[in-house]
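If you want the numbering used here, it's the position in the sequence shown, counting the first as 1, plus 7.
C-beta atoms are modelled at their ideal positions from N, C-alpha and C, and glycine is treated no differently.
These numbers come from a predicted model, not from an experiment.
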Amino acid sequence: MSRGARESMFPGGSYGHRSTVTPCSSSLLDCVGHMADVCSETHDTQQLLRNGTFDLKRMGRVLDSQRVFLFVNESMVKKYKEDLGEEIEPQILELVERAKKGLKVLERKHYSLQNKAGNSQMKKTSTHRSVQDKMNERKLRILTGQRQDLERELETLQREIESLEVNYDPTL
């Protein structure tokens with residue numbers, strides 16, 4: 008198997024696509040010189056390309072923004088802003104009204120919950136008072152009964168004293 012040149016895939020032959028390139032000379036020194044020229048030319052081209060495109064991103068943004076300002080002037084922006092305000096303002100006002108109504112409902116709920124909590128607290132103290140009142144009433148009944156018993160005993164003792172005084176003879 009010999010390693011020969013492959014057939015070109017280009018229709019014009021193997022050098023058809025490189026028609027502008029001159030073939031290297033047979034002298035090695037000429038080839039090296041030619042290669043140095045090509046490298047120098049490539050370097051210069053690369054440098055020129057870098058100098059021309061180093062701020063391409065910034066320039067692209069500047070051109071885009073200038074393009075927008077060229078198509079949309081200030082009066083158009085103001086008109087769109089007013090149109091948008093006219094379109095959205097009723098919805099915003101409706102939302103504000105709904106928020107106010109919701110706030111009033113929440114305030115009413117808050118007050119009712121506070122009242123319930125206060126009533127619950129009062130109920131607890133009133134049940135405590137009713138128990139206390141019942142105990143006081145029971146004490147009062149017991150003490151009233153004791154007082155009545157003591158008054159009866161006092162009357163009995165006074166009658167005895169009177170009877171003893173009537174029957175007392177100092178001469179004895």
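| query | For the alpha helix (DSSP H) that contains VAL79, what are its first and last residues? | reply | Segment: none, VAL79 is in no alpha helix (DSSP H) and carries neither H nor E.
| query | Which two residues bound the contiguous alpha helix (DSSP H) that contains THR49? | reply | 35 to 60
| query | Cα separation between TYR118 and GLN153? | reply | 51 Å
| task | Would you kindly work out how many angstroms separate the C-alpha atoms of LYS130 and GLY109, rounded to a whole number? | result | 31 Å
| request: Tell me whether THR178 sits in a helix, a strand or coil according to DSSP, three-state version. | output: coil
| field | CA-to-CA distance, ASP90 to VAL69, given in whole angstroms | value | 28 Å
| Nearest-angstrom Cα separation, counted from LEU120 out to GLU94 | Straight-line Cα distance between these residues: approximately 40 Å.
| said: So, at 8 Å on beta carbons, what are the nonlocal neighbours of PHE78 in its own chain, with the 5 sequence-adjacent residues on each side left out? | reply: none
| Straight-line gap, LEU35 to MET66 (C-alpha atoms, nearest Å) | 46 Å
| field | Length of the line joining the Cα atoms of SER137 and GLU144 | value | 10 Å
| Out of curiosity, what's the CA-to-CA distance linking MET8 and THR60? | Low per-residue confidence applies at MET8: pLDDT is 48, beneath 50, and the placement is therefore not dependable, though the value from the model is reported in the following sentence. Straight-line Cα distance between these residues: approximately 51 Å.
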